[in-house]
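Notes to accompany the following structure.
Number of protein chains: 2
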Amino acid sequence: TKDGELPPPPPVVHYHLNNLTTSIDPIARRETILILSPLARFYQEYWDNLLELSYPHDLISLGFIIPKGREGNSATTALQAQIAKTQSGPIKKRFASITILRQDTEMQTSQAESERHKMANQKARRAAMSKARNSLLFTTLGPTTSWVLWMDADIIETPPSLIQDLAAHDKPIIVPNCFQRYFNKEKSAQDVRPYDYNSWIDSVTAQSLASSMDKDDILLEGYAEMATYRSLMTYMYDEANPELEREIELDGVGGTVLLVKAEVHRDGAMFPPFAFYHLIETEGFAKMAKRLGWSSWGLPNYLVFHYNE
Amino acid sequence: TKDGELPPPPPVVHYHLNNLTTSIDPIARRETILILSPLARFYQEYWDNLLELSYPHDLISLGFIIPKGREGNSATTALQAQIAKTQSGPIKKRFASITILRQDTEMQTSQAESERHKMANQKARRAAMSKARNSLLFTTLGPTTSWVLWMDADIIETPPSLIQDLAAHDKPIIVPNCFQRYFNKEKSAQDVRPYDYNSWIDSVTAQSLASSMDKDDILLEGYAEMATYRSLMTYMYDEANPELEREIELDGVGGTVLLVKAEVHRDGAMFPPFAFYHLIETEGFAKMAKRLGWSSWGLPNYLVFHYNE
Ligand SMILES: Nc1nc2c(ncn2[C@@H]2O[C@H](COP(=O)(O)OP(=O)(O)O)[C@@H](O)[C@H]2O)c(=O)[nH]1
Ligand SMILES: Nc1nc2c(ncn2[C@@H]2O[C@H](COP(=O)(O)OP(=O)(O)O)[C@@H](O)[C@H]2O)c(=O)[nH]1
Ligand SMILES: [Mn+2]
Ligand SMILES: [Mn+2]
Numbered sequence: 002t003k004d005g006e007l008p009p010p011p012p013v014v015h016y017h018l019n020n021l022t023t024s025i026d027p028i029a030r031r032e033t034i035l036i037l038s039p040l041a042r043f044y045q046e047y048w049d050n051l052l053e054l055s056y057p058h059d060l061i062s063l064g065f066i067i068p069k070g071r072e073g074n075s076a077t078t079a080l081q082a083q084i085a086k087t088q089s090g091p092i093k094k095r096f097a098s099i100t101i102l103r104q105d106t107e108m109q110t111s112q113a114e115s116e117r118h119k120m121a122n123q124k125a126r127r128a129a130m131s132k133a134r135n136s137l138l139f140t141t142l143g144p145t146t147s148w149v150l151w152m153d154a155d156i157i158e159t160p161p162s163l164i165q166d167l168a169a170h171d172k173p174i175i176v177p178n179c180f181q182r183y184f185n186k187e188k189s190a191q192d193v194r195p196y197d198y199n200s201w202i203d204s205v206t207a208q209s210l211a212s213s214m215d216k217d218d219i220l221l222e223g224y225a226e227m228a229t230y231r232s233l234m235t236y237m238y239d240e241a242n243p244e245l246e247r248e249i250e251l252d253g254v255g256g257t258v259l260l261v262k263a264e265v266h267r268d269g270a271m272f273p274p275f276a277f278y279h280l281i282e283t284e285g286f287a288k289m290a291k292r293l294g295w296s297s298w299g300l301p302n303y304l305v306f307h308y309n310e
Numbered sequence: 002t003k004d005g006e007l008p009p010p011p012p013v014v015h016y017h018l019n020n021l022t023t024s025i026d027p028i029a030r031r032e033t034i035l036i037l038s039p040l041a042r043f044y045q046e047y048w049d050n051l052l053e054l055s056y057p058h059d060l061i062s063l064g065f066i067i068p069k070g071r072e073g074n075s076a077t078t079a080l081q082a083q084i085a086k087t088q089s090g091p092i093k094k095r096f097a098s099i100t101i102l103r104q105d106t107e108m109q110t111s112q113a114e115s116e117r118h119k120m121a122n123q124k125a126r127r128a129a130m131s132k133a134r135n136s137l138l139f140t141t142l143g144p145t146t147s148w149v150l151w152m153d154a155d156i157i158e159t160p161p162s163l164i165q166d167l168a169a170h171d172k173p174i175i176v177p178n179c180f181q182r183y184f185n186k187e188k189s190a191q192d193v194r195p196y197d198y199n200s201w202i203d204s205v206t207a208q209s210l211a212s213s214m215d216k217d218d219i220l221l222e223g224y225a226e227m228a229t230y231r232s233l234m235t236y237m238y239d240e241a242n243p244e245l246e247r248e249i250e251l252d253g254v255g256g257t258v259l260l261v262k263a264e265v266h267r268d269g270a271m272f273p274p275f276a277f278y279h280l281i282e283t284e285g286f287a288k289m290a291k292r293l294g295w296s297s298w299g300l301p302n303y304l305v306f307h308y309n310e
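First to last, the protein sequences are chains A and B. Counting in the working numbering, the first sequence runs from 2 upward without gaps. Counting in the working numbering, the second sequence runs from 2 upward without gaps.
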């Protein structure tokens, strides 16, 4: 403003949290959703899948958190190129707003799947992932957000109606079943296989393992060295009769695709970067949400697909 | 926009978290601060004190959360009247932005001090306060916030240089000593006395009390029925020689006035509405921050004052 001229009074915004619904028909009520993706590598298939989501894009905001360093820089460049294209393309495809956060830390371990899945690397890696998720969440959740959809940046295939389909179950927290496409050499054909082991129903074995652990130790899923005998949702896919609507209650959830009512996060549910009941990250999140009175659910027959390196 | 006219592309905002400093000279670096107040009643003295803060107001955003119901409505009306006056008054006094959230729940208990301090009411009341604080925090923390100052709406007197003074200690979490003015009948004179018991150094007694508790039980401070023998900061005020700069490390903190580096919250530190190591709300926050690697500090001789009903 020019010298001596009064700037307009800054905005005062007044929000009623009880006007923020999370309903089974979120499009009709024009409920806004924030899609959050921690992103270490950019995959074109991820972006293409995002663009195909049939939820009205003017109700979708996107948030990314990208690590510092060379790999993070090139992921950012690739992401920004696609954003520029989408946001200047057809109006119907444009998203309401986009936030990119750059972390002040680099990635914990090399990004090769074999390396990042090593048991010894898990605690530090998942603590770092938790902090990245929390930074993204605390920074981007706004007063008008009804839903938060966590979607990893290597999820490359979901039904276009993903958001509507998950929301229709009217659950505080809900996860589809994350699979991976691969070439089955025995069958000499394309096939699918379970990918995400973090969605599970607890077991007595896991509980008793936990009770003998040091307070900072964490239970991990998917390691032969630590047989938990939990019921893993990913193995409950019923290929013969994939009833899409089937829902099961869960004690731990994965974060590859995870729909959360924003009020669950607002109550304080975050991703513990420390051992919380011997759980960490998204599994600890489900436990924390439970302590806040919110339940977690899974859809064993509703598949989404993870990239295959 | 008119039919057929293209709206401008929506904003894409890119933030580098490592450019967000929290330094001992926050004014020189133009670091932004978010002042957050849960507010059940409006006190003019609170607002007047806020207006006198000498930190540049264009670097200050304000956030309020106010309960539903009749009392909340009248507090909102009173607050809005003062906001309207301030934001249309002298430019130097105007704040950068203001957000008012209305909760979807009413207050837990009557607001009389005698009633709200009853031990039986503490767990539910402090769980509700935790959720209110979390909602406010998750909703208002933005990508450009360097500092968060928690200030209860019944804090009516602080030094004008409060923010600069606390920031100068360069601590992740820091609290001044919250006192109350009252009329001392014995002395027949105005006097001061300790008010906030939630800033303390832990004791062996409290630890062993905790270890025999049910997992959902919480330790409370300031109740004769539960003698913790913790060292309460509020009793460490040295009237004879009030060395303002003196700092002590704390295990629990109160929230009446509490300065937090935003990165502590971004890492995931929130106000547990459930028993977290048998602690809740602001005391649980200090414990959670500790688990995330952040320490808490107190200034026993730096006084701020709570309203006296
Ligand atoms: N911001 C950020 N994102 C990360 C980091 N490490 C991995 N990611 C992303 O977080 C998501 C999950 O990580 P990923 O390594 O795929 O986990 P996995 O599939 O369970 O082995 C993916 O979208 C990654 O691109 C990190 O250090 N920082
Ligand atoms: N939003 C909200 N604020 C509250 C509620 N109860 C109290 N407050 C506010 O929270 C702060 C702390 O509460 P107060 O009752 O003063 O706590 P005490 O001084 O420790 O007894 C004050 O600013 C109150 O106005 C509530 O239910 N919701
Ligand atoms: Mn992955
Ligand atoms: Mn008070």
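For each residue, glycine too, the CB sits at the ideal point set by N, CA and C. Since the model is a prediction, treat every value here as computed from it, not as a measurement.
Secondary structure of B/A29, DSSP reduced to three states: Coil at B/A29, not helix or strand.
Beta-carbon proximity check, A/F180 vs A/V193, cutoff 8 angstroms: The Cβ atoms of A/F180 and A/V193 sit closer than 8 angstroms to each other.
Any non-hydrogen atom of ligand 2 within 7 angstroms of B/R117 CB: Result yes, Cβ under 7 angstroms from ligand 2.
Test item, CB below 6 angstroms from any non-hydrogen atom of ligand 3: By the rule of a C-beta closer than 6 angstroms to any heavy atom of ligand 3, the residues picked out are A/D153, A/D155 and A/H307.
Beta-carbon gap between A/K288 and A/Y303 smaller than 8 angstroms: For A/K288 and A/Y303, no; Cβs fall outside 8 angstroms.
6 angstroms CB neighbourhood of B/S62 in its chain, flanking five on each side removed: Answer for B/S62: L35, A97 and S98, listed in chain order.
Rounded separation between B/T33 and B/N19 - CA only: For B/T33 and B/N19, the distance between alpha carbons rounds to 14 angstroms.
Residue-chain proximity (B/L102, chain A), Cβ-Cβ < 8 angstroms: Interface flag for B/L102 against chain A is set, since a Cβ pair is found closer than 8 angstroms.
Test item: CB-CB of A/A220 and A/L210 under 8 angstroms: The question names Ala, but residue 220 of chain A in the sequence shown is Leu. In this structure, A/L210 lies closer than 8 angstroms to A/L220 by Cβ.
8 angstroms Cβ cutoff, A/K132 in contact with chain C: No chain C appears in the structure shown, which is made up of the protein chains A and B.
Close-in-space but distant-in-sequence residues of the same chain around B/G299 (CB under 6 angstroms, 5 per side omitted): Only V176, S200, M234, I249 and L251 meet the Cβ criterion.
CB of B/L142 within 8 angstroms of CB of B/I66, strictly: If you check the CB distance, B/L142 and B/I66 do not come in under 8 angstroms.
Closer than 7 angstroms: B/A41 CB and nearest ligand 2 heavy atom: B/A41: yes, Cβ under 7 angstroms from ligand 2.
Same chain, Cβ closer than 7 angstroms to A/R31, neighbours up to 5 away in sequence not counted: Within the same chain, A/R31 has close Cβ partners L60.
Residue-level contact to chain B via CB, A/Y47, 8 angstroms cutoff: By this cut-off, A/Y47 is not an interface position.
The segment 111-124 of chain A touching the segment 155-167 of chain A, judged by at least three CB pairs closer than 8 angstroms: Under the 8 angstroms Cβ criterion, the segment 111-124 of chain A does not count as touching the segment 155-167 of chain A, having fewer than three qualifying pairs.
Other residues of its chain near B/Y238: CB distance less than 8 angstroms, five sequence neighbours each side excluded: Closer than 8 angstroms at the Cβ level, and outside the excluded window around B/Y238, lie N178, F180, P195, P301, N302 and L304.
At least 3 beta-carbon pairs within less than 8 angstroms: the segment 65-84 of chain A vs the segment 290-297 of chain A: At 8 angstroms Cβ cutoff, the stretches do not touch.
Local Cβ density within 10 Å of B/E116, reported as buried at 16 or more and exposed below that: Exposed, by the Cβ-count rule.
Within chain B, the residues that A/L99 reaches when beta carbons sit closer than 8 angstroms: Reading the sequence as shown, one finds Ile at residue 99 of chain A and not Leu. The contacting residues are P11, P12, V13 and V14.
Complete beta strand (DSSP E) runs within the segment 86-127 of chain B (minimum length 3 residues, chain order): 98-103, all fully within the segment 86-127 of chain B.
Candidates A/T100, A/E264 and A/E53: closest to A/P91 by CA position: Nearest option by C-alpha distance: A/E53.
Any C-beta of chain A under 8 angstroms from that of B/P91: Cβ-Cβ to chain A under 8 angstroms: no for B/P91.
Nearest-angstrom beta carbon gap, B/W151 and B/P27 [assumed within contact, 8 angstroms]: Wrong, their Cβ atoms sit about 17 angstroms apart, outside the cutoff.
CA-to-CA distance, A/Q104 to A/R95, given in whole angstroms: Rounded to whole angstroms, A/R95 to A/Q104 spans 26 angstroms at the Cα level.
A/N50, enclosing alpha helix (DSSP H) - first and last residue: Unbroken alpha helix (DSSP H) run through A/N50: Q45 to L52.
Ligand 1 heavy atom lying under 7 angstroms from the CB of A/P195: It does not: the Cβ of A/P195 is nowhere closer than 7 angstroms to a heavy atom of ligand 1.
Identity of the residues DSSP links to B/D203 by a beta bridge: Its beta-bridge partners do not exist; DSSP assigns none.
Chain B contact residues for A/F272, given Cβ-Cβ distances below 8 angstroms: Those are G269, listed as they occur along chain B.
Ligand 2 heavy atom lying under 7 angstroms from the CB of B/A82: For B/A82, the CB stays at least 7 angstroms from every heavy atom of ligand 2.
Distance, A/L40 Cα to A/I174 Cα: When rounded, the separation of the alpha-carbon atoms in A/I174 and A/L40 is 22 angstroms.
Three-way DSSP call (helix, strand, coil) for B/H170 in this model: Here B/H170 sits in coil by DSSP.
Pairwise C-alpha distance: A/Q208 and A/W48: For A/W48 and A/Q208, the distance between alpha carbons rounds to 39 angstroms.
Reduced DSSP category for A/T146 - H, G, I as helix; E, B as strand; rest coil: Assigned with DSSP and collapsed to three states, A/T146 falls in strand.
Where A/T283 meets chain B, residues with beta-carbon distance less than 8 angstroms: Near A/T283 there are no residues of chain B at all, since even the closest Cβ is about 13 angstroms away, more than 8 angstroms.
Whether A/L260 touches A/T283 by CB criterion (8 angstroms): No.
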